[in-house]
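Step one of this worksheet: look at the structure below.
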Ligand code: CU
Ligand code: ZN
C-alpha cells in the first residue's frame, strides 16, 4: 500500500539529538509509517540537501486568543512550529465567563463562548487550527475570574474556588499550571496561595511553569520561591524566559543556572526556556509604577503598539521624549495613561547577549517565543523569527550549540517535558509533524523595524501528516489538534 507522503534522500534529524543520517521517511494517516527505507508515496518529495526534523515546539506562547482570531497561525507555522504550549505567564483562555471582560486587554476578546478547557478546545477546533496546541491553566486568569484585580490575599472560600478551577483544567487535560508573578493580579498573591493551587496539579504530575516574581535584582530569590513551590507540590517546574534583566545584573545568569543544576541533582525536576533575543515585550503598564517611573527602564523601552499614540510605534522612549520636548518619564506616562493606555505593548532591551548564549549552552533550556500575537504596530520580531533565529544565528553563525542539539531542544525535549505523547521524534507510530529545511540557508528575516516577515530556508511544514506550508505558501490545511496531557491525540 502506498504511503500518503514519502520524503526521499533527506538528512534525518530524528529529534533525539543523534547526528543526521541519510534516509527516506513516509507518513500515512497522520503518522510516520516508515523511517530508513520507505514505500512509494501518493506524493513523493525529493529532499536532497535538506534536513527533515520533527516539527518545532514553541514552549512559550500567548496564542490562546490567536487560535480563534488567526486560525492559520501563519506567524508560527512559517517558522516550522507545529505545536505550541499556550496559557503562559499566568494568562490562559480558561477559565472563562462568556460576555465578561475578566481582565483589561483580555487575551480572549469579547465574543467567547466557552467556560473551560473542553469548551475552548472545541471552539478552536471549529476554526480549523493550522497547528497543534496544548495549554497551561494560568494563575492570573483564575484569580481574575474569582477575585477580579483585588489587591489582597485570597479569602479561604476564594482560594477553594480557584483550586477547583485548576483541578478542573487538569482533569480536562491541561499540561500544568502557570504563573506570572510580576503581573496583575498574580502579584497580589503570596507563595502559599501559589503552593495551594500548584497542589491541584500533583495528582496529574503536571508542570508548574512560571514567569517568576523577579527576573532582575532579586532573580535568585525568585528562583528559590519557584523551587519551594514545586517542592511543596511535589511536581516538576519550568522556568519561563530565563533571564537576568537590567544592565547591573548582566552576566549573572550562570548563578541561576547553577542553582537549577543543584536542584536537579537533589532530586527536583527543573527545566527552562528562553527566546533568542536581548529584548522582552509585554503590556507596558505592568512594567511601570506610574508614581515612580524607573528612568533606567524608560531609557531602554521601545513602543510596539500604542492605540492612543500610534505615532509612538516603533520608536524608543528617549527619541519620543526628545521629539516632544518632554522628559522620558512624561513620555512613558503618555504611552500608558490614555483611555486605552492599558493596551500599550512595549519592547524592553534588558537582556545581555552573552547571557542568551550561556542559557543556550545549557542542555535543559528549550525555545519559547513568548510572542504576543498583536499584529498592529511593530510587534517584537520573536513572534515571527524565534526558531529560525536559533538555527541561523546561534547554531550556524555563532556555533553556540550543534544543529542536532538545537533540534532536540525544540522537539523531543519539550514533548517529553510537556507530556505530548508520540510527538517530538521521527519514529514509526509517532505523529507526522515534520519540518523540511535547508540548514545552510534557514534564517529569520523579522527585525524590530520590520517585524512581520516570514523566515527563509523552510521548504515544507507538515502537521499531523498533512502539508500545511510549502514553498513560502500556507496551504490552509487546518489540521492542527488540541493536545491533552499524556494522551495520544
Ligand atoms: Cu510570556
Ligand atoms: Zn512572561
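Numbering (this note's numbering), first residue to last: 5 to 493. All residues carry an ideal CB built from backbone N, CA and C; glycine is no exception. All values reported here derive from a predicted model rather than from experimental measurement.
Pairwise C-alpha distance: residue j and residue i
i           : j           : result
residue 405 : residue 399 : 5 Å
residue 50  : residue 9   : 11 Å
residue 484 : residue 132 : 7 Å
residue 37  : residue 287 : 45 Å
residue 403 : residue 351 : 27 Å
residue 168 : residue 201 : 9 Å
residue 334 : residue 317 : 16 Å
residue 189 : residue 180 : 19 Å
residue 105 : residue 481 : 32 Å
residue 266 : residue 217 : 21 Å
residue 373 : residue 488 : 21 Å
residue 84  : residue 349 : 26 Å
residue 174 : residue 428 : 22 Å
residue 309 : residue 69  : 17 Å
residue 496 : residue 243 : As displayed, the chain neither begins before 5 nor continues past 493, which places residue 496 out of reach and without an answer.
residue 22  : residue 479 : 31 Å
residue 314 : residue 381 : 7 Å
residue 368 : residue 413 : 8 Å
residue 124 : residue 136 : 14 Å
residue 290 : residue 301 : 13 Å
residue 196 : residue 34  : 44 Å
Cβ separation of residue i and residue j, assumed to be a contact under 8 Å, to the nearest whole Å
i           : j           : result
residue 257 : residue 362 : 5 Å
residue 89  : residue 66  : With a Cβ gap of about 10 Å, residue 89 and residue 66 do not count as contacting.
residue 72  : residue 127 : 7 Å
residue 415 : residue 61  : 6 Å
residue 385 : residue 74  : 17 Å between Cβ atoms; not a contact.
residue 191 : residue 224 : The Cβ separation is near 19 Å, so there is no contact.
residue 164 : residue 77  : Rounded, the Cβ-Cβ distance is 37 Å, inconsistent with contact.
residue 3   : residue 336 : Only positions 5 to 493 of the chain appear in this structure, which leaves residue 3 out of reach.
Range of the contiguous beta strand (DSSP E) that encloses residue i
i           : result
residue 473 : 470-474
residue 464 : 462-467
residue 556 : This structure cannot settle anything about residue 556, because the visible part of the chain is limited to 5 through 493.
residue 58  : 55-58
residue 301 : Unbroken run through residue 301 is the alpha helix (DSSP H), 299-302; no beta strand (DSSP E).
residue 48  : 45-50
residue 199 : Premise fails: residue 199 lies in the alpha helix (DSSP H), 195-202, not in any beta strand (DSSP E).
residue 31  : 25-32
Exposed unless 16 or more other CB atoms sit within 10 angstroms - verdict on residue i
i           : result
residue 251 : exposed
residue 456 : exposed
residue 43  : exposed
residue 359 : buried
residue 204 : buried
residue 14  : buried
residue 468 : buried
residue 331 : exposed
residue 81  : buried
residue 270 : exposed
residue 453 : exposed
residue 25  : exposed
residue 52  : exposed
residue 102 : exposed
residue 27  : buried
residue 343 : exposed
residue 18  : buried
residue 207 : exposed
residue 306 : buried
residue 145 : buried
residue 5   : exposed
Run of the alpha helix (DSSP H) containing residue i, from where it starts to where it stops
i           : result
residue 288 : It is not in any alpha helix (DSSP H) - residue 288 carries neither H nor E in the DSSP assignment.
residue 359 : 357-365
residue 79  : 78-81
residue 332 : 332-341
residue 229 : 223-237
residue 40  : Looking at the DSSP string, residue 40 is not in any alpha helix (DSSP H); the run it does join, the beta strand (DSSP E), is 35-40.
residue 389 : 386-393
residue 327 : 321-328
residue 143 : 143-151
residue 169 : 160-175
residue 268 : 257-269
residue 413 : 407-414
8 Å Cβ cutoff, residue i in contact with chain D
i           : result
residue 260 : Checking the listed chains, one finds no chain D in this structure; it contains a single protein chain.
Residue i beta carbon near the ligand COA (any heavy atom closer than 7 Å)
i          : result
residue 62 : Among the ligands modelled here, namely the ligand CU and the ligand ZN, the ligand COA does not occur.
(message) For the structure I just gave you, are there three or more beta carbon pairs, one from the segment 232-243 and one from the segment 192-212, closer than 8 Å?
(response) Taking 8 Å as the limit for Cβ pairs, the verdict is that the segment 192-212 does touch the segment 232-243.
(request) Would you check if the segment 380-398 and the segment 435-450 touch, i.e. whether three or more CB-CB distances between them fall below 8 Å? (result) Segments in contact, yes.
(request) Determine, using beta-carbon pairs with one atom in the segment 457-470 and one in the segment 430-440, whether at least three such pairs fall under 8 Å. (result) The segment 457-470 makes contact with the segment 430-440, as at least three CB pairs between them are under 8 Å.
(message) Any contact between the segment 152-168 and the segment 110-129? By contact I mean 3 or more CB pairs, one from each, below 8 Å.
(response) No, because fewer than three Cβ pairs between the segment 152-168 and the segment 110-129 fall closer than 8 Å, the two stretches do not touch.
(message) Contact between the segment 274-288 and the segment 315-333 is defined here as three or more beta-carbon pairs at a separation below 8 Å; is this criterion met?
(response) With a cut-off of 8 Å, the segment 315-333 and the segment 274-288 do not count as touching, because too few Cβ pairs lie within range.
(request) Inspect the CB distances between the segment 472-480 and the segment 415-428 and report whether three or more fall short of 8 Å. (result) Not touching, per the Cβ criterion.
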